[in-house]
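Q: Here full-length UniProt numbering is used: position 96 in the sequence shown is 96, and no number is missing along the way. The beta-carbon is built from N, C-alpha and C at its ideal position, and this holds for glycine as well. What you are looking at is a predicted structure, and each value in this text was computed from that prediction instead of being measured. Below: one structure in structure tokens.
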Amino acid sequence: YLTGSPELQLALNDELVIAGSGVKAGYGMVELDNVNFHECVQLDKFEQQKMLVLEPPHGEFVLMNFHIGSLRHEGQIPFRVTPMLTALTEYKQEFRLQVRAEFADKYHGANVKVQFTVPKSSTGASCEIAAQAKGQTWEYDDATKTITWLIRKFVGNTTQTMACKFVVGPGSNVKKEMGPISMSFEIPMYNVSQLQVQHLKIIERNRAYNPHRWVRCLTHTESYVCRI
């Protein structure tokens, strides 16, 4: 926390490119789209030095918003979802779902929730998860035809699977009525965009106190959807 309104200088990645700026992103560079800054930010030094100069307002605030658009490489996708729908008989269906954590195994997804719906004509559903899977549960809500699969701790560079069987009524267009698959999760200390704070300086601060500086990274979802 800060006392008063000192000027802050916050430096970002040197190899940072803003899409549409006329500079082409090379290998290993971080490219951001649709960047918007808080009105307190002075952008004089941003283009040349990738430094944000600001006098922060009181309380918590959002410094910048941005998109990373179409992800630049495979490693930027936190979870890869692979659905497989198979007709076992005319009415009995099997839906297999494979989810892979694409980030390094030093990270983990916390309270990963996977949800999808089965056709309205379905009469119940039964799911199976791997016998050795720990900290995983599933439940079926017949009122909404929704299946929820919860994985308490999803370690990076691993794959989890679920198999769901259900029976549909005659004339059901199963593929059209299924899904979509949605996910919610948090990944502590993981940054999908690869944007980094190189250093933070407090200018003309009150000499009576010595503030502690830290940066906490957390990736969490607002909308993460896979269509079947």
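Whose CA, out of ASP141, ILE129, SER184, LYS50, lies closest to the CA of THR159?
A: As a first step, residue 159 must be located in the sequence shown, where it is residue number 159. Among ASP141, ILE129, SER184, LYS50, the Cα nearest to that of THR159 belongs to ILE129.
Q: Determine the burial state of MET84: buried for a count of at least 16 other Cβ atoms within 10 Å of its Cβ, exposed for fewer.
A: Within the sequence shown, numbered from 1, the residue matching residue 84 stands at position 84. Under this definition MET84 is an exposed residue.
Q: Do you know how far the Cα of PHE79 is from the Cα of GLU15?
A: The residue given as residue 15 occupies position 15 in the sequence shown. The residue given as residue 79 occupies position 79 in the sequence shown. Whole-angstrom Cα-Cα distance: 26 Å.
Q: Whole angstroms are fine: how far does the CA of GLN98 sit from the CA of LEU150?
A: On the sequence shown, position 150 is the one that residue 150 refers to. On the sequence shown, position 98 is the one that residue 98 refers to. The straight-line gap from Cα to Cα measures roughly 13 Å.
Q: For MET29, which residues of its own chain have a beta-carbon under 6 Å away from its beta-carbon, when the five flanking residues on both sides are left out?
A: Position 29 of the sequence shown, counting from 1, holds the residue named residue 29. Around MET29: GLU15, VAL17.
Q: Using the C-alpha atoms, what's the distance from PHE154 back to PHE166?
A: What you label residue 166 is simply residue 166 of the sequence shown in a count that begins at 1. What you label residue 154 is simply residue 154 of the sequence shown in a count that begins at 1. Distance between the alpha carbons of PHE166 and PHE154: 26 Å.
Q: With a threshold of 6 Å on Cβ separation, who are the neighbours of THR148 within its own chain once the five nearest residues in sequence on each side are excluded?
A: Here residue 148 refers to the residue found at position 148 of the sequence shown. Cβ within range, chain order: GLN115, GLU139.
Q: To the nearest angstrom, report how far apart LYS50 and VAL35 are at their CA atoms.
A: Residue 50 sits at position 50 when you count from the first residue of the sequence shown. Residue 35 sits at position 35 when you count from the first residue of the sequence shown. Taking the straight line from one Cα to the other gives about 13 Å.
Q: What does a CB cutoff of less than 8 Å around LEU12 pick up in its chain, not counting 5 residues either side in sequence?
A: Translated into the one-based positions of the sequence shown, residue 12 becomes position 12. Same-chain partners within the cutoff: LYS50, MET51, LEU52, LEU195, GLN196, VAL197, GLN198.
Q: Looking at SER172: is its Cβ nearer than 7 Å to the Cβ of SER121?
A: Mapped onto the sequence shown, residue 172 falls at position 172. Mapped onto the sequence shown, residue 121 falls at position 121. A contact, by the Cβ cut-off of 7 Å.
Q: Rank THR86, GLU31, THR221 by C-alpha distance to the C-alpha of GLU94 and give the top, closest one.
A: As a position in the sequence shown, residue 94 is number 94, starting the count at 1. For the residues THR86, GLU31, THR221, the minimum Cα distance to GLU94 belongs to THR86.
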